[in-house]
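Take a look at the structure below.
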Amino acid sequence: MRVRVAPSPTGLFHIGTARTALFNYLLAKHYGGAFLLRIEDTDKERSEKKYVDNIIDGLSWLSIAHDETIVYQSLRKNFHEQLLVRLVEEGKAYISEEQAKDGSGRIVFPVRLKVTDSEVVWNDRIHGDIVTPVKELGDFVIARSIKDPLYHFAVVADDADMHITHIVRGDDHIANTARQILIQQALGYARPQYAHIPLIHNSDGGKMSKRKNAIAVTDFRDVVGIEQEALINFIVFMGWNPKNDSQDEIMDMNTLIKLFSFEGLQKAKAIWNEKKLHWFNREWRRKKSIDNTYRESICKCIKDTLEKRNFLIDEKIISGICNDSLERHHTRQELESAINDGVYDYLAPTALDQYADTLLFNKNTLKKETTHNILVHIQKIFSSSPTLVTLQNEITELAKIHGAMQVYWPLRVALTGKEKSMDPMSVAEILPADIIQVRLSQAILLCK
RNA sequence: GGCCCUAUCGUCUAGUGGUUAGGACAGCAGGUUCUCAAUCUGUUAACCCGGGUUCAACUCCCGGUAGGGUCACCA
1212 MRVRVAPSPT GLFHIGTART ALFNYLLAKH YGGAFLLRIE DTDKERSEKK
1262 YVDNIIDGLS WLSIAHDETI VYQSLRKNFH EQLLVRLVEE GKAYISEEQA
1312 KDGSGRIVFP VRLKVTDSEV VWNDRIHGDI VTPVKELGDF VIARSIKDPL
1362 YHFAVVADDA DMHITHIVRG DDHIANTARQ ILIQQALGYA RPQYAHIPLI
1412 HNSDGGKMSK RKNAIAVTDF RDVVGIEQEA LINFIVFMGW NPKNDSQDEI
1462 MDMNTLIKLF SFEGLQKAKA IWNEKKLHWF NREWRRKKSI DNTYRESICK
1512 CIKDTLEKRN FLIDEKIISG ICNDSLERHH TRQELESAIN DGVYDYLAPT
1562 ALDQYADTLL FNKNTLKKET THNILVHIQK IFSSSPTLVT LQNEITELAK
1612 IHGAMQVYWP LRVALTGKEK SMDPMSVAEI LPADIIQVRL SQAILLCK
C-alpha cells in the first residue's frame, strides 16, 4: 500500500488537512505501507514558501512522518508536459484555440480532453459504487497550455508516477473523481482505490472556517496550547472509531496504528466539538505530568507569564502553580489566562495589600473569637519552623478539636485573601515563613 | 438549479431484522472536600418523515425532507 497527502501551500496548515494526513498515515502504518507527502504548488500566484514550512512544521509536530522525499509538484512541469504532448499525439486530447475567459479578448491555447463516455462508475472504499454522469462535462480543460497543467491532470499524473495505490481524501473530491478517472484512462494508468472521508464541520454545519474556529494546526500548539497527542486523539475520533467497545478513548499513536482500519471509517460528516478537544487535552496534560521535560516546559511558560506581570519569581511558586494547573486547567491558554487574571497573585511573596475581611467569617458557622484563638495558635505553630509533616499533623489535630471548617477556612483565607484558591497546606508549602507570619498577623488583627 | 454524498441523544459514536437502543464529551443531581478545581455515584436526552417488504424494522427497498459537497483556463 502506498498513500499520500497532497496539501497546497496557499495558507496555514489546516486542521482538516492534518486529519486527512493522519488517516493516510495510520492506514499506511497499519497495513505496512508507505505514506508520502506531495506539495501541490502549481498555483504560483497563491503558493508561498512560508506555508510549505508551516505544513512541514505542523506535520512533524504531530509526529506524522512521511516516507521518502517530499515531492514538489511545481518541479515536475517537464514530466507533465511530456504526458500532455503524448495525449495530444494519440488524439485523446487536443489543443484548442479560443478566447481567454478573463474578458481580455486575447487568444489562448488550452488543452482539452476528449470525453466520449457518458458516465463514470467507480467503487469507493467508504461509499460503495458511485455513478457520475459525465456528459455535461464536455471536453474539459486539463491544462492552461501544453506547458501548464491544471490540478486534475497533475494529480492523476503524479499519483500514478508515485505509484499511489489508495487515494484517501476529503469527500469534497467525490465530484472531481470522475474527471480524474477519465484523465487516468486516457493516460492508460491503473485505477487506484478511492476512499472519500467525510469532512469536519463547525457547529453551524458549514466548513471549518477562520472566522469561527482556530483552524491552523500550529495555532493549536502556539496559541491554544494543545498537546499534539490530544489533537491527534481528538481528530482521529471524528470520522473513525475502533469498533471495539470497552476501550479507553485515550489512545497514543502506536495504539491507533494497531487499531486503525478502513472498517472503522465513518460516512457522515463530523462536527467540531471544542469541549471534547479540551477534555482530551486535560487528560493528556495529566498523563504527561510525570514526564520531567513536559513539566519543565509548563514551568517555563509559567515563569514567562509571571515575568510579564512583574511577579517575584520563585522556583517553589512556579512548581506549585504547575501542580495546580496540571490538575485544574484544560489547556495552556487557560493557565496563562488564570495567571494574567491574577488568580495566583496571592502566591507572590509579598504582604497582601488588601484583605477581604468579611471573608474570614463568611461561613455563618465561624465564630470571631474562636477564629482569633485558632489563628494565634496556628501562628505559634508556624513560628517554630515546623517541617511539612509536623505542620500537617498539628493542623489536623487542631481541626479535630474545633472542626475542619473552623480551622482550614480561616487559615486558607488568611494566607490567600481569596474566596477560591488552592488548599492552605499547599500554599503554606510554597510561601516563605516570614510572609506567612505577616499574613497571619494581618488576619488576627481583623478578628478583634 | 443539475449532479453527487449523508442522516441514532446537544456533540462524537456502538448497533448489520427480534436490544430495557450501549459508551464518551457536555448537562443536571447527589456524595466526598475548608473554598474552587478534581474525584466518585446517579441521571436527563436519540433512531428525520411517509410508504412498502417481513411474523418482526433503527437496521432492507422506494419516495420525500433536511444538511453538506460539487458544477473554474483554483487546488
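Okay, so the first sequence: first residue is 1212 according to my numbering, each after it adds one.
Yeah, the Cβ is synthetic: ideal placement off N, Cα and C, and Gly gets one too.
C-beta atoms of residue i and residue j nearer than 9 Å
| i | j | result |
| --- | --- | --- |
| residue 1381 | residue 1475 | no |
| residue 1309 | residue 1319 | yes |
| residue 1237 | residue 1471 | yes |
| residue 1602 | residue 1654 | no |
| residue 1270 | residue 1247 | no |
| residue 1539 | residue 1509 | no |
| residue 1233 | residue 1286 | no |
| residue 1547 | residue 1512 | yes |
| residue 1523 | residue 1549 | no |
| residue 1324 | residue 1350 | yes |
| residue 1291 | residue 1217 | no |
| residue 1403 | residue 1376 | yes |
| residue 1411 | residue 1481 | yes |
| residue 1229 | residue 1446 | yes |
| residue 1588 | residue 1541 | no |
Residue i - containing alpha helix (DSSP H), residue span
| i | result |
| --- | --- |
| residue 1264 | 1260-1272 |
| residue 1354 | Run containing residue 1354: none in the alpha helix (DSSP H); it sits in the beta strand (DSSP E), 1352-1356. |
| residue 1580 | 1579-1594 |
| residue 1256 | Here residue 1256 belongs to no alpha helix (DSSP H), and DSSP marks it neither H nor E. |
| residue 1655 | 1644-1657 |
| residue 1447 | 1439-1447 |
| residue 1468 | 1464-1470 |
| residue 1621 | 1615-1627 |
| residue 1290 | 1288-1300 |
| residue 1284 | That residue, residue 1284, is in no alpha helix (DSSP H); it is neither H nor E in DSSP. |
| residue 1555 | Run containing residue 1555: none; DSSP gives neither H nor E here. |
| residue 1332 | Where residue 1332 is concerned, there is no enclosing alpha helix (DSSP H), although the beta strand (DSSP E) it sits in stretches over 1330-1335. |
| residue 1675 | Given that the chain is displayed from residue 1212 to residue 1659, the structure contains no residue 1675 and the question cannot be resolved. |
| residue 1394 | 1385-1398 |
| residue 1535 | 1526-1539 |
| residue 1407 | First-last for residue 1407: 1404-1408, but that is the beta strand (DSSP E), not the alpha helix (DSSP H). |
Buried or exposed by the 16-neighbour rule on C-beta atoms within 10 Å, applied to residue i
| i | result |
| --- | --- |
| residue 1516 | buried |
| residue 1520 | exposed |
| residue 1284 | buried |
| residue 1252 | buried |
| residue 1277 | buried |
| residue 1618 | buried |
| residue 1395 | buried |
| residue 1347 | exposed |
| residue 1339 | exposed |
| residue 1607 | exposed |
| residue 1289 | exposed |
| residue 1551 | exposed |
| residue 1579 | exposed |
Same chain only: Cβ atoms within 8 Å of residue i, ignoring 5 sequence neighbours per side
| i | result |
| --- | --- |
| residue 1341 | 1332, 1333, 1334, 1335, 1385 and 1388 |
| residue 1557 | 1563, 1626, 1627, 1628, 1629, 1632 and 1638 |
| residue 1497 | 1537 and 1538 |
| residue 1660 | The chain is shown only over 1212 to 1659; residue 1660 falls outside these bounds and no answer can be derived. |
Own chain partners of residue i with C-beta closer than 6 Å, once the 5 adjacent residues on each side are dropped
| i | result |
| --- | --- |
| residue 1623 | 1635 |
| residue 1505 | 1499 |
| residue 1244 | 1212 and 1213 |
| residue 1223 | 1265 and 1427 |
| residue 1282 | 1249 |
Alpha-carbon spacing of residue i relative to residue j, whole angstroms
| i | j | result |
| --- | --- | --- |
| residue 1469 | residue 1390 | 35 Å |
| residue 1354 | residue 1329 | 22 Å |
| residue 1379 | residue 1448 | 16 Å |
| residue 1640 | residue 1600 | 11 Å |
| residue 1407 | residue 1371 | 18 Å |
| residue 1364 | residue 1529 | 57 Å |
| residue 1585 | residue 1531 | 26 Å |
| residue 1610 | residue 1492 | 37 Å |
| residue 1322 | residue 1344 | 22 Å |
| residue 1590 | residue 1583 | 11 Å |
| residue 1442 | residue 1525 | 32 Å |
| residue 1414 | residue 1450 | 16 Å |
Residues near residue i in its chain [Cβ-Cβ closer than 7 Å; skip 5 each side]
| i | result |
| --- | --- |
| residue 1221 | 1254, 1257, 1258 and 1262 |
| residue 1592 | 1602 and 1605 |
| residue 1294 | 1368 and 1398 |
| residue 1596 | 1644 |
| residue 1462 | 1444 |
N-terminal and C-terminal residue of the beta strand (DSSP E) that residue i is part of
| i | result |
| --- | --- |
| residue 1635 | Note, residue 1635: premise wrong, no beta strand (DSSP E); alpha helix (DSSP H) at 1635-1641. |
| residue 1249 | 1245-1250 |
| residue 1305 | 1304-1306 |
| residue 1378 | 1377-1381 |
Check: residue i C-beta below 8 Å from any heavy atom of the ligand FMN
| i | result |
| --- | --- |
| residue 1471 | As for the ligand FMN, it is missing from this structure, which has no ligand bound. |
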